[in-house]
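First residue of the sequence shown? That's 55 in our numbering, and the numbers climb one at a time after it. No residue lacks a Cβ here, since even glycine has one placed at the ideal position from N, Cα and C. Fair warning: this is a prediction, and the values are worked out from it, not measured in the lab. The next block holds one structure in the form of structure tokens; read it before the comments.
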Amino acid sequence: MIGLRDITVRFGDKLVLDRFSLDIPAQGLTALSGPSGCGKTTLLRVMAGLAAPGGGAVSGIDPGRTAFLFQEDRLLPWRTATQHIADVLPRPRRGEAARWLAFAELEGEGGAYPAALSGGMARRLALARCAALGGELLLLDEPFAGVDSERTARILERLRGLGVPIVLATHQPQVLCACDRMIALEGPPLTRV
55 MIGLRDITVR
65 FGDKLVLDRF
75 SLDIPAQGLT
85 ALSGPSGCGK
95 TTLLRVMAGL
105 AAPGGGAVSG
115 IDPGRTAFLF
125 QEDRLLPWRT
135 ATQHIADVLP
145 RPRRGEAARW
155 LAFAELEGEG
165 GAYPAALSGG
175 MARRLALARC
185 AALGGELLLL
195 DEPFAGVDSE
205 RTARILERLR
215 GLGVPIVLAT
225 HQPQVLCACD
235 RMIALEGPPL
245 TRV
């Protein structure tokens with residue numbers, strides 16, 4: 055079980071999380087749903103150890119064994135799709151880059167640079183890189199922005215097949231329906247609906 059207890063996060067005068075508590079099963083796909091700006095991204099960042107709360111504690115997560123997909127693709131314009139994947143793989147496994155490109159349905163795009171990819175393709179490359187990184191937990195912030203619903207469904211099943219818990223923030227109804235559980239949120243400050 056992933057536990058968040060009395061988490062408080064403030065950005066200047068804005069209180070984003072106010073003694074927020076939540077338990078998430080450490081298995082399957084869990085979707086966080088809520089309006090833009092309610093605090094979902096901040097919650098994911100706290101879970102990943104990327105944002106230090108002003109109070110409270112997180113349990114059941116080792117940030118060093120967590121892979122995080124940011125809302126922004128964060129692709130390097132001078133690296134090809136294959137290089138983006140190979141960069142996160144240990145040296146003996148760098149030959150697996152093609153497998154991860156296929157995971158995200160990017161076969162044939164290995165030599166492409168980010169500028170040559172559509173928005174949805176760039177998003178899938180960022181997701182493939184995150185999945186290839188591995189980890190005992192995947193935290194995904196809007197993983198399917200700009201990706202069509204049929205492809206989203208296929209990639210979601212591949213993610214499920216990785217056998218690690220996944221927590222994702224999304225607005226897409228088809229993604230919410232495909233997850234094992236959905237946690238409805240609103241805010242700020244973030245509260246469970």
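- In this structure, Ala-135 lies away from Glu-161, with their beta-carbon atoms at least 7 angstroms apart.
- Per DSSP, Thr-120 lies in no alpha helix (DSSP H); the unbroken beta strand (DSSP E) holding it starts and ends at 120-123.
- A direct Cα-to-Cα measurement between Ala-176 and Phe-198 gives close to 10 angstroms.
- Per DSSP, the continuous alpha helix (DSSP H) segment holding Phe-157 begins and ends at 151-157.
- In the DSSP annotation of this structure, the continuous segment of the beta strand (DSSP E) that includes Arg-59 starts and ends at 56-65.
- For Arg-246, the pairing in a beta bridge is given by DSSP as Leu-239.
- Taking 4 residues as the shortest admissible run, the region 78-149 contains the following complete alpha helix (DSSP H) segments, listed from N- to C-terminal end: 94-102 and 135-140.
- Between the C-alpha atoms of Val-70 and Ala-152 there is a straight-line separation of about 40 angstroms.
- Its Cα nearest to that of Phe-74, the residue Ile-61 stands out among Ile-61, Thr-206, Asp-116 and Asp-67.
- Here Phe-198 is not bridged, per DSSP, to any residue.
- Scanning Leu-97, Leu-192, Leu-194 and Arg-208 for the CA closest to the CA of Ala-156 turns up Arg-208.
- The alpha-carbon of Pro-107 is positioned some 21 angstroms away from that of Ile-237.
- The beta-carbon distance between Thr-206 and Val-221, rounded to whole angstroms, is 17 angstroms. This is too long to meet the 8 angstroms contact definition.
- By the 16-neighbour rule on beta-carbons within 10 angstroms, Lys-94 is buried.
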